[in-house]
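Peer 1:
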Amino acid sequence: MSRLQPLILIVDDEPANRALLRKLLVHQGYDIVEAEDGAAALHAVEEHEPDLLCLDVMMPRMDGIEVCQRLRAQPRHEGLPILLLTALNRSDDKARGIEAGANDFLTKPFDEVELTARIRSLLRTRALQDRLADLLGRYVSESVAAEALRDPGGVSLGGERRYVTTLFADLRGYTALAAEQEPEITLDLLNRYLTVVSDAVEQEGGTVADLLGDGIFAFFGAPVMHADDPARAARSALAMQAAVATLEIPSMPGVRLQTGIGITTGQVIAGNVGSERRMHYAVVGEPVNIAARLQAAAGPGQILIDAATHDVVSSLVRVQDLGSLRLAGKGDWVQAYNVVAPA
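FYI, in this note's numbering the residues of the sequence shown are 359 to 701.
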């Protein structure tokens, strides 16, 4: 959330303590919101989304330690800076606070200069984390970026078995179009096309694994799993087709684009692929290979799905039964359906 000044939430059951903190922090140029107990603090975090939490430990009913634990149990609040303020000065009390998820600890009565320095440090660290998340999110899907930032030690080669719906989409006629245009126009076309198809994946909670020239490789079910991942993939594909069909390319007036899409559902290995120095999050397995071949077999505007996907989404979309297809590069016949429209 963009603000002119950082917003700090002060939590203390003593009005005099809140008044003192408010006076000090307003003088430093911060915006302030207050809560008088732990329950009110949790509500204020949801309502105001503060940039930092100044949290008293000793409060009735729900103390500061429990507030920390509840906030850290929610992934969206893992990065919220929390400064614990307490009259306790024992090392085990500080350890409890840090283990609960606090970022720093300040003993009452505190020095104004030290308080200001700690708050500035925590806000500076949060700003750097936000910039890193934004930068990382431009190169990998947002869900993958969040996973990497949440557990940097977990970013290593290897993966786990997951039940995933895989989607490949490819722009039809791109080679011919590119041959007729200047490189700058071709790049503009690609960027506009990839923007709308990537948005269609991410709006349904999917992961964009790779941009393949004029195509996209995406999946639903890793690293974040949903009960309706096949349905999400089908909705995403329909949204792609609609967006691509109406996409305007200012440098190419009158040109109408079409894409072919292939979707499969099945067990794969999901994880990091590459080398120790360069890797990306992907899924590997036979369903992925079949999805790529279904995409290659799809005509302009078609969405081809396999039987496993059809079994889940048949009540949600209208399909055309294509029977068994023999896909290029694969000896076996695959039952395929063309998704025509939502049901």
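C-beta: ideal position from N, C-alpha, C; glycine also.
In angstroms with no decimal places, state the Cα-to-Cα distance between residue 374 and residue 597.
Peer 2: Taking the sequence shown and counting its residues from 1, the one referred to as residue 374 is at position 16. Taking the sequence shown and counting its residues from 1, the one referred to as residue 597 is at position 239. Cα to Cα, residue 374 sits roughly 55 Å from residue 597.
Peer 1: Between the C-alpha atoms of residue 646 and residue 663, what's the straight-line distance to the nearest angstrom?
Peer 2: Residue 646 sits at position 288 when you count from the first residue of the sequence shown. Residue 663 sits at position 305 when you count from the first residue of the sequence shown. Distance from the CA of residue 646 to the CA of residue 663, rounded to the nearest whole angstrom, comes to 12 Å.
Peer 1: Considering only residues of the same chain and omitting the five flanking positions on each side of residue 685, which have a CB-CB separation below 8 Å?
Peer 2: As a first step, residue 685 must be located in the sequence shown, where it is residue number 327. Cβ neighbours of residue 685 beyond the five flanking positions: 648, 651, 652, 654, 655, 692.
Peer 1: Among 399, 403, 437, 431, which residue has its Cα nearest to the Cα of residue 419?
Peer 2: As a first step, residue 419 is located in the sequence shown; it is residue number 61 there, counting from the start. That would be 399, whose Cα lies nearest to the Cα of residue 419.
Peer 1: According to DSSP, what are the bridge partners of residue 638?
Peer 2: Your numbering for residue 638 matches position 280 in the sequence shown. Per the DSSP secondary-structure output, residue 638 pairs in a beta bridge with 631.
Peer 1: Just the C-alpha distance for residue 618 and residue 567, rounded to the nearest angstrom, thanks.
Peer 2: Within the sequence shown, the letter at position 260 stands for residue 618. Within the sequence shown, the letter at position 209 stands for residue 567. Cα-Cα distance, rounded: 18 Å.
Peer 1: Could you tell me which of 366, 397, 396 sits nearest to residue 382, measuring between CA atoms?
Peer 2: If you number the sequence shown from 1, residue 382 lands on position 24. Nearest C-alpha to residue 382: 366.
Peer 1: By a C-beta neighbour count over all protein chains shown, 10 Å radius and 16 as the cutoff for buried, is residue 608 buried or exposed?
Peer 2: Position 250 of the sequence shown holds residue 608. Residue 608 comes out exposed.
Peer 1: So who's on the other strand from residue 412, going by DSSP bridges?
Peer 2: Along the sequence shown, read from residue 1 onward, the residue named residue 412 stands at position 54. The partner list for residue 412 (beta bridge, DSSP) reads 368, 441.
Peer 1: Grab the span of the alpha helix (DSSP H) containing residue 607 for me, first residue to last.
Peer 2: Numbered from 1 along the sequence shown, position 249 holds the residue referred to as residue 607. Taken as a continuous stretch (DSSP letters only), residue 607 belongs to no alpha helix (DSSP H), as it is neither H nor E.
Peer 1: Roughly how far, in whole angstroms, is the beta-carbon of residue 560 from the beta-carbon of residue 628, given that I think they are within contact range, below 8 Å?
Peer 2: Residue numbering aside, residue 560 sits at position 202 when the sequence shown is read from its first letter. Residue numbering aside, residue 628 sits at position 270 when the sequence shown is read from its first letter. No, residue 560 and residue 628 are not in contact; Cβ-Cβ is about 17 Å, not under 8 Å.
Peer 1: Could you say which of 404, 481, 695 lies nearest to residue 665 if we only look at CA atoms?
Peer 2: Here the question's residue 665 lines up with position 307 in the sequence shown. Comparing Cα positions, the closest option is 695.
Peer 1: Could you tell me if residue 701 is buried or exposed, where buried requires 16 or more neighbouring beta carbons within 10 angstroms of its beta carbon?
Peer 2: As a first step, residue 701 is located in the sequence shown; it is residue number 343 there, counting from the start. Exposed.
Peer 1: Could you name the residues of the same chain whose beta carbon sits closer than 6 Å to that of residue 405, not counting the 5 residues immediately before and after it, in chain order?
Peer 2: As a working mapping, residue 405 is identified with position 47 in the sequence shown. Leaving aside the five residues that flank residue 405 on each side, none in its chain has a CB nearer than 6 Å to its CB.
Peer 1: Pull up the distance between the alpha-carbon of residue 697 and that of residue 413, whole angstroms please.
Peer 2: Along the sequence shown, read from residue 1 onward, the residue named residue 697 stands at position 339. Along the sequence shown, read from residue 1 onward, the residue named residue 413 stands at position 55. Residue 697 and residue 413: Cα-Cα distance of roughly 53 Å.
Peer 1: Give the secondary structure of residue 682 by DSSP, where H, G and I count as helix, E and B as strand, and everything else as coil.
Peer 2: The residue labelled residue 682 in the question sits at position 324 within the sequence shown. Correct three-state label for residue 682: strand.
Peer 1: At the level of alpha carbons, what is the spacing between residue 522 and residue 462?
Peer 2: As a first step, residue 522 is located in the sequence shown; it is residue number 164 there, counting from the start. As a first step, residue 462 is located in the sequence shown; it is residue number 104 there, counting from the start. Distance between the alpha carbons of residue 522 and residue 462: 40 Å.
Peer 1: Tell me the rounded alpha-carbon separation between residue 396 and residue 630.
Peer 2: Position 38 of the sequence shown holds residue 396. Position 272 of the sequence shown holds residue 630. Cα-Cα distance, rounded: 40 Å.
Peer 1: Hey, out of 443, 468, 472, 469, whose CA is closest to residue 460's CA?
Peer 2: Taking the first residue of the sequence shown as position 1, residue 460 is located at position 102. Among 443, 468, 472, 469, the Cα nearest to that of residue 460 is on 443.
Peer 1: Buried or exposed for residue 675, please, with buried defined as at least 16 other CB atoms from any protein chain shown within 10 angstroms of its CB.
Peer 2: Along the sequence shown, one-based indexing puts residue 675 at 317. Result: buried.
Peer 1: Mapping the DSSP letters down to three states, classify residue 433 as helix, strand or coil.
Peer 2: Taking the sequence shown and counting its residues from 1, the one referred to as residue 433 is at position 75. Three-state result, residue 433: helix.
Peer 1: Residue 584 to residue 468, Cα distance in whole Å?
Peer 2: Residue 584 sits at position 226 when you count from the first residue of the sequence shown. Residue 468 sits at position 110 when you count from the first residue of the sequence shown. Their Cα atoms are separated by approximately 47 Å.
Peer 1: Suppose the cutoff is 6 Å on Cβ atoms and the five residues either side in sequence are ignored; what does the same chain contact list for residue 574 look like?
Peer 2: Position 216 of the sequence shown holds residue 574. These residues qualify, in order along the chain: 527, 555.
Peer 1: For residue 391, which residues of its own chain have a beta-carbon under 8 Å away from its beta-carbon, when the five flanking residues on both sides are left out?
Peer 2: Stepping through the sequence shown from its first residue, residue 391 is reached at position 33. Closer than 8 Å at the Cβ level, and outside the excluded window around residue 391, lie 365, 366, 367, 368, 402, 406, 408.
Peer 1: Using a Cβ-Cβ cut-off of 7 Å (strictly less than) and excluding sequence neighbours within five positions of residue 615, which residues of its own chain qualify?
Peer 2: Numbered from 1 along the sequence shown, position 257 holds the residue referred to as residue 615. So the qualifying residues of the chain are 529, 551, 602, 605.
Peer 1: Residue 594 and residue 562 look like a contact to me (Cβ under 8 Å); what is the Cβ gap, rounded to whole Å?
Peer 2: The residue given as residue 594 occupies position 236 in the sequence shown. The residue given as residue 562 occupies position 204 in the sequence shown. Sure, about 4 Å apart at Cβ, within 8 Å.
Peer 1: Tell me whether residue 661 is buried or exposed, calling it buried when 16 or more other Cβ atoms sit within 10 Å of its Cβ.
Peer 2: For this step, residue 661 is matched to residue 303 along the sequence shown. So residue 661 ends up on the buried side.
Peer 1: Would residue 580 and residue 525 qualify as a contact pair, given that the criterion is a beta-carbon distance under 9 Å?
Peer 2: As a position in the sequence shown, residue 580 is number 222, starting the count at 1. As a position in the sequence shown, residue 525 is number 167, starting the count at 1. It is not a contact, given that the beta carbons lie outside the stated cut-off.
Peer 1: Rounded to the nearest angstrom, what separates residue 558 and residue 641 at their Cα positions?
Peer 2: Translated into the one-based positions of the sequence shown, residue 558 becomes position 200. Translated into the one-based positions of the sequence shown, residue 641 becomes position 283. Going by the C-alpha atoms only, they are around 19 Å apart.
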